[in-house]
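First the structure, in the form of structure tokens, and then the observations on it.
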Amino acid sequence: MHELSVCLSLLEQVERIARENGAERVERILLRIGPLSGVEASLLANAYPLAAAGTVAEHAVLDIEAAPVRVGCDDCGAETEAAANRLLCGACGSHRTRLVSGDEMLLARLELHVPDVENPQSDPGSVGGDRLL
Amino acid sequence: MCETCGCNITPGNEHLVQADGKHARTADGRAAVEVLESLLGENDRQAQHNRYHFDSHGLLAVNLMSSPGAGKTSLLEATIEALGDELRIAVVEGDLETENDAERIRAKGVDAIQIATGSACHLDAHMVHDALHRLDLADVDILFIENVGNLVCPASFDLGQHRNITLLSVPEGDDKPAKYPVMFRAADLVLLTKSDLLQYLDDFDPQRAEGYLRNLASNAPFLRLSARGHGDGIAPWLDWLRAEVLEQRRRVERGETVHPDIQKEGAALHAGEGAHHRHHHAHGHDHEHGHGHGHGHGHG
Ligand SMILES: Nc1nc2c(ncn2[C@@H]2O[C@H](COP(=O)(O)OP(=O)(O)OP(=O)(O)O)[C@@H](O)[C@H]2O)c(=O)[nH]1
Ligand SMILES: [Mg+2]
Ligand SMILES: [Zn+2]
Ligand SMILES: [Zn+2]
Ligand SMILES: [Zn+2]
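Right, dumping it as structure tokens:
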């Protein structure tokens, strides 16, 4: 229900990172979202164009990767897949588990169009080297 | 979708909408940047700032969440009646359209700030920040934040509170923790409210409700309360609050703070972001603010 707020927050981050990298536009945004984050991927995708209009990410492709729900068990040490409303150990049934994955709401990766004076002939579709911030 | 559910740009987040200048260059190239930041990083930073305010005044901040009408305001009224002479209480109310809840609190002789959420369906850290600068926090032991009645959104937004309380009222049915795992997993304490109605709504099984909560690997205490005179009363809740106020004072003396249990996990998951954030966001905890209004914290 709050997907527009989430999109606005996302775009704030995207614009900042684009700016820091001297990007002209954002080509692709990859998000990783788990079912326990409280954000619905389809609603987010619907809200995105509204929020992105007029920004450097206006024409970016938004890809959303689903994160699985996984728990680690404090009793038997197993790491197993779980349902969002049943976070018990899949191996021994214990309640003493920690969530390993499934509540993420992450901006995972950005692909930017960065005008590069040292490499001016590169074609706009090609992917440049990964850069870690 | 957002327009129809009422989620929208609020006074609290509208500054996020403002676009910044873009750099126009000529040549082409494409860079892939690994980011791994929470989508709510901006909110989380503001929440951390709010928590700093709470800690610097030594007060305990508690976020109350539930579906509409589960009894949040009634519980606050009863709490003020019971603890009003013992602890200094203030309330931030996230009522959608009216001042009703804030007026009910003020009628008990306690300061209440109404957050004009307009049609928003949750509170965010920016809205709470605006509200807390309208309170004199020096005179407060417990700050209650009554969130918007909604079992979906509020759990995702850290407000800077120390503890999350989720209320489940008997008329809602005992399966709510299974249907809203995000909300119930966020709770440090779950209150089964309107327990005086259990005798009429006998298909509500408190043990089953607690079982669904335990299925979320939650260790949160599950307390049964009634804000009505003839029911279970609210004594266990008052004891929990007294203990938490003491805990908070001890933490403050040691220079420590605490997040709701769930936010700790999130922080661990995104470990390593800290340095990055500090680098880009100068609004640390050392800035001064006047207790006037509308001081915008520069973001980015
Ligand atoms: N029987 C019974 N009714 C209660 C109890 N607590 C609250 N109510 C009733 O439940 C209704 C809603 O209570 P509120 O305290 O306004 O609920 P709320 O969660 O603050 O509601 P919103 O702020 O609108 O989400 C009122 O009619 C209350 O009188 C209780 O312990 N027992
Ligand atoms: Mg209320
Ligand atoms: Zn919302
Ligand atoms: Zn196990
Ligand atoms: Zn402040």
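First to last, the protein sequences are chains A and B. Under numbering that gives the first Met the number 0, the letters of the first sequence match residues 0 to 132, in that order. Under numbering that gives the first Met the number 0, the letters of the second sequence match residues 0 to 299, in that order. Glycine included, every Cβ here is placed at the ideal spot set by N, Cα and C.
Identity of the residue in the options nearest residue i by Cα
| i | options | result |
| --- | --- | --- |
| V109(B) | A115(B), V147(B), V90(B) and L212(B) | V90(B) |
| S217(B) | D260(B), R241(B) and D202(B) | D260(B) |
| G83(B) | L95(B), R105(B), P67(B) and F53(B) | R105(B) |
| L35(A) | E246(B), Y179(B), H229(B) and L197(B) | Y179(B) |
| R95(A) | S225(B), A226(B) and L212(B) | L212(B) |
| G92(A) | P48(A), E80(A) and D102(A) | E80(A) |
| T192(B) | A77(B), R44(B) and L35(B) | A77(B) |
| S8(A) | Y47(A), E19(A), S41(A) and N20(A) | Y47(A) |
| S4(A) | G33(A), P67(A) and A44(A) | A44(A) |
| L95(B) | E145(B), L188(B) and N42(B) | E145(B) |
| D102(A) | V181(B), F203(B) and R248(B) | V181(B) |
| W239(B) | L188(B), H229(B) and L75(B) | L188(B) |
| D123(B) | A234(B), Q247(B), Q47(B) and V34(B) | Q47(B) |
| I88(B) | I141(B), V169(B), E246(B) and H56(B) | I141(B) |
| F53(B) | H121(B), D135(B) and F203(B) | D135(B) |
| A22(A) | R97(A), T54(A) and E64(A) | T54(A) |
| R207(B) | D174(B), I233(B), E255(B) and G40(B) | D174(B) |
Residue-level contact to chain A via CB, residue i, 8 Å cutoff
| i | result |
| --- | --- |
| I144(B) | no |
| N62(B) | no |
| L38(B) | yes |
| D204(B) | no |
| A154(B) | yes |
| N42(B) | yes |
| R24(B) | Caution is warranted here: a pLDDT of 34 is assigned to R24(B), below 50, making its placement in the model unreliable, and no coordinate value can be reported. |
| N49(B) | no |
| N163(B) | no |
| E171(B) | no |
| H121(B) | yes |
Chain B within 8 Å of residue i, Cβ atoms only
| i | result |
| --- | --- |
| R69(A) | no |
| H94(A) | yes |
| V113(A) | yes |
| E11(A) | yes |
| L61(A) | no |
| E64(A) | no |
| A40(A) | no |
| H140(A) | Residue 140(A) is absent from the structure shown; chain A starts at 0 and stops at 132. |
| E26(A) | yes |
| S4(A) | yes |
| H1(A) | yes |
| A107(A) | yes |
| G89(A) | no |
| A83(A) | yes |
One or two residues paired with residue i in a DSSP bridge
| i | result |
| --- | --- |
| I164(B) | L63(B) and L188(B) |
| G71(A) | E78(A) and R97(A) |
| D62(A) | L29(A) |
| L222(B) | L190(B) |
| E92(B) | Q113(B) and E145(B) |
| R24(A) | H112(A) |
8 Å Cβ cutoff met for residue i and residue j
| i | j | result |
| --- | --- | --- |
| V244(B) | R250(B) | no |
| R227(B) | P205(B) | no |
| A148(B) | P220(B) | The identity of residue 148(B) in the sequence shown is Gly, whereas the question assumes Ala. For G148(B) and P220(B), no; Cβs fall outside 8 Å. |
| V139(B) | L237(B) | no |
| A137(B) | N163(B) | no |
| V68(A) | A90(A) | no |
| G71(A) | V99(A) | yes |
| P153(B) | L215(B) | no |
| V32(B) | I16(A) | yes |
| G37(A) | V127(B) | no |
| L106(A) | L38(B) | yes |
| H112(A) | R18(A) | no |
Check your understanding: At which residue ranges does the stretch 79 to 116 of chain A contain complete beta strand (DSSP E) runs of 3 or more residues, listed in the order of the chain?
Key -> 96 to 100 and 104 to 112
**Study point:** Unbroken stretches of the beta strand (DSSP E), 3 residues or longer, contained in the stretch 95 to 178 of chain B
**Key:** 110 to 113, 141 to 145 and 162 to 168
Exercise for review: Could you pull out every unbroken alpha helix (DSSP H) segment of at least 4 residues lying fully inside the stretch 26 to 90 of chain B, listed in chain order?
Suggested key: As far as the stretch 26 to 90 of chain B is concerned, its whole alpha helix (DSSP H) runs of at least 4 residues are 40 to 55 and 71 to 82.
Check your understanding: Along the chain, which unbroken stretches of the alpha helix (DSSP H) at least 4 residues long are found entirely within the stretch 200 to 261 of chain B?
Key -> At a cut-off of 4 residues, the continuous stretches assigned as alpha helix (DSSP H) that sit fully inside the stretch 200 to 261 of chain B are 205 to 213 and 234 to 252.
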